[in-house]
Structure formats: structure tokens, C-alpha cells
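Basically my numbering = 1-based index in the sequence shown + 191. Quick notes on the structure that follows.
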Amino acid sequence: MQPDIYNHFHRDERDFVDKAWEWVEHAGQYHEVKLTDFLDPRQRYILESLAHRHPDVHVFFEGGHPDAERTRGWVAPDYRDPAGEDWGLQVLSVTSGDQKFLALEHGDYMGSILGLGIKRSKIGDIHVLEDGCHAVVSADISSYLHLNLSQVHRVHVMTEILPVEKLRVKETKLQEMELTVASLRLDGISSDVHRMSRAKILDPIKAGRCRVNWKVEEDPSAILSDGDMVSIQGLGRFKVLETGGLTKKGRYRVKVGKYT
192 MQPDIYNHFH
202 RDERDFVDKA
212 WEWVEHAGQY
222 HEVKLTDFLD
232 PRQRYILESL
242 AHRHPDVHVF
252 FEGGHPDAER
262 TRGWVAPDYR
272 DPAGEDWGLQ
282 VLSVTSGDQK
292 FLALEHGDYM
302 GSILGLGIKR
312 SKIGDIHVLE
322 DGCHAVVSAD
332 ISSYLHLNLS
342 QVHRVHVMTE
352 ILPVEKLRVK
362 ETKLQEMELT
372 VASLRLDGIS
382 SDVHRMSRAK
392 ILDPIKAGRC
402 RVNWKVEEDP
412 SAILSDGDMV
422 SIQGLGRFKV
432 LETGGLTKKG
442 RYRVKVGKYT
């Protein structure tokens, strides 16, 4: 490991940095190919950054559709072509005849899948549709999910395994909010978005449950800017769409989009 690499990443990311660098080194030196589990956008950025440090290695990503947030990585010597490779992706389709099924949310499906002992890294994007749910999953655990996922948040469900070509994607919806804030600090904007006091929003941030652009951010005074994605565990996430000028009272105009 090159000693300066750690300087670019959060201390909590070091274990992943070590693994990712090992994949890159093995591809460059031993001509090995590595198909990773699902990576979040931050992990993808780390892997891409490390691959760029090695002249004989390239990396590609696939998550089932062009705008996938969670993707699997394919790390290989630069003479290898990913065309025709099996990415090990399948779709878990979940349906039910129970009317309560229509009220289920992303977290309900995620909780039930993880409750079966499945690691988060085996699950890609989860799309909650009007008539069911399509989850991209690693092929090696798809049969297990099909056999064992019979209930989601106390609602009985049926499952089917589909090829990734049959994936139906939910269109991302943002609830736009226009705020005026005293500063562009993380705690100030987050408290307004989630309608919480600044004192209460400090707890999840300082506890390491907040991510800005998928990177852990524990500093409540961190300044947000256009395009930043903020996720707070248990509260959801939002995106800073635009930071405008100052009001007559010296407050900042901010437009955010809250994911619904």
C-alpha cells in the first residue's frame, strides 16, 4: 500500500481501501479478474481512484440499469474486455395480494431481506413500484431469497427470480423545498429539511450516521454546496439543488430536493 493513499480517505474507509488496492494490485501484477459485490457510490469512487493509480488496470461497473446507484465492479488487466462477462445480477420480484402491500416502503423490503442474514453488499438498488418491488441482487443468493422471503413487515409476499433485463426501475422523485438559512452548515440545513431542532440533528451527525456524498461526515459545521447529497440514517436523504444569494436579513436562500 502506498503510504499517501490513506490521506485521501476517511479513517473508517481504510479497510475498504486496503481491499480495493489488493484487487487492483492483483489485476496488474498477477492478471487476476475481480468481480466485486455491490458498491455504494463512495466505494465506487475509491475503487476508481485506486485503479487510476495503476497503468495496467481498468475497472467497469454495472448495476442493472444506466443510472444504478449501487453497482458491482469488474477489476481487470487493461487487455481484458468486459463484453460478454457474466455480472452475476438477477432481479428479485416481490408481489402480494394483500392491500397493505401497497404501503410498504424501501426500508421495509431492505429490513426483511437483511433479516434473513443477507449482507448489504449482496443487494443492489431496490425499486418500490406501484404494484410490487424489484430488487437487484447477486445471483449467488437469489435462490435463497426466493425460498425464504415470505413476509415483508408482517405482510405475506410472493417472490420470483427474473433476468436483469426484466428489471423495472422506479423514477426518482424529489420534493423540492426552498429554505432561508443562517449559514450553509450541514447541521443548519439538515435541521430545516427534517424539521428538527439543531440540537437534535447533532446526535446522528456526531455519531457517524451522516454521509455527505456517501462519505461519513461527523463535523456539523461542514459547509454544503450545490449538488451535495446528504443522507442521515433513520431520517432519509436530500440533495442540495441550488444555493442562491442573500436575503435582506443576511440569510442564505437554498433549494433542496428531499427524496420521497
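Positions of the beta carbon are idealized from the N, C-alpha and C atoms, including for glycine.
Alpha-carbon spacing of residue i relative to residue j, whole angstroms
i, j, result
"residue 445", "residue 259", "27 Å"
"residue 226", "residue 214", "9 Å"
"residue 337", "residue 352", "7 Å"
"residue 312", "residue 371", "38 Å"
"residue 246", "residue 212", "13 Å"
"residue 270", "residue 207", "25 Å"
"residue 341", "residue 386", "36 Å"
"residue 443", "residue 437", "5 Å"
"residue 199", "residue 209", "13 Å"
"residue 281", "residue 441", "52 Å"
"residue 382", "residue 277", "44 Å"
"residue 379", "residue 359", "37 Å"
"residue 439", "residue 374", "14 Å"
"residue 236", "residue 404", "10 Å"
"residue 400", "residue 250", "29 Å"
"residue 334", "residue 309", "12 Å"
"residue 356", "residue 393", "43 Å"
"residue 419", "residue 428", "11 Å"
"residue 222", "residue 291", "51 Å"
"residue 384", "residue 248", "42 Å"
"residue 339", "residue 307", "8 Å"
"residue 406", "residue 433", "20 Å"
"residue 268", "residue 196", "21 Å"
"residue 430", "residue 421", "6 Å"
"residue 349", "residue 257", "28 Å"
"residue 216", "residue 244", "10 Å"
"residue 354", "residue 203", "35 Å"
"residue 344", "residue 302", "8 Å"
Neighbour-count burial assignment, residue i, 16 or more Cβ in a 10 Å radius
i, result
"residue 218", "buried"
"residue 314", "buried"
"residue 300", "buried"
"residue 408", "buried"
"residue 397", "exposed"
"residue 141", "Lying outside 192 to 451, the shown extent of the chain, residue 141 is not represented and no answer is given."
"residue 234", "buried"
"residue 388", "exposed"
"residue 318", "buried"
"residue 414", "exposed"
"residue 377", "buried"
"residue 412", "exposed"
"residue 391", "exposed"
"residue 230", "buried"
"residue 402", "buried"
Proximity below 8 Å, CB of residue i to CB of residue j
i, j, result
"residue 266", "residue 242", "yes"
"residue 448", "residue 366", "yes"
"residue 395", "residue 435", "no"
"residue 253", "residue 261", "no"
"residue 136", "residue 330", "The displayed coordinates of the chain run from 192 to 451. Any statement about residue 136 would go beyond what the structure contains."
"residue 347", "residue 289", "yes"
"residue 361", "residue 451", "no"
"residue 316", "residue 328", "no"
Bridge partners - residue i, DSSP secondary structure assignment
i, result
"residue 333", "DSSP lists no partner for residue 333."
"residue 420", "430"
"residue 314", "328"
"residue 443", "372 and 437"
"residue 377", "In DSSP, residue 377 forms no bridge with anything."
"residue 406", "403"
"residue 220", "For residue 220, which the question treats as bridged, DSSP gives no partner whatsoever."
"residue 320", "323"
Any non-hydrogen atom of the ligand ADP within 7 Å of residue i CB
i, result
"residue 296", "The model on display carries no ligand, and the ligand ADP is accordingly not part of it."
> Counting pairs of Cβ atoms below 8 Å between the region 221–241 and the region 295–304, do you hit three or more?
Replying inline: The region 295–304 and the region 221–241 do not touch, with fewer than three beta-carbon pairs separated by less than 8 Å.
> Is there contact here, the region 314–333 with the region 269–285, by at least three beta-carbon pairs under 8 Å?
Replying inline: yes
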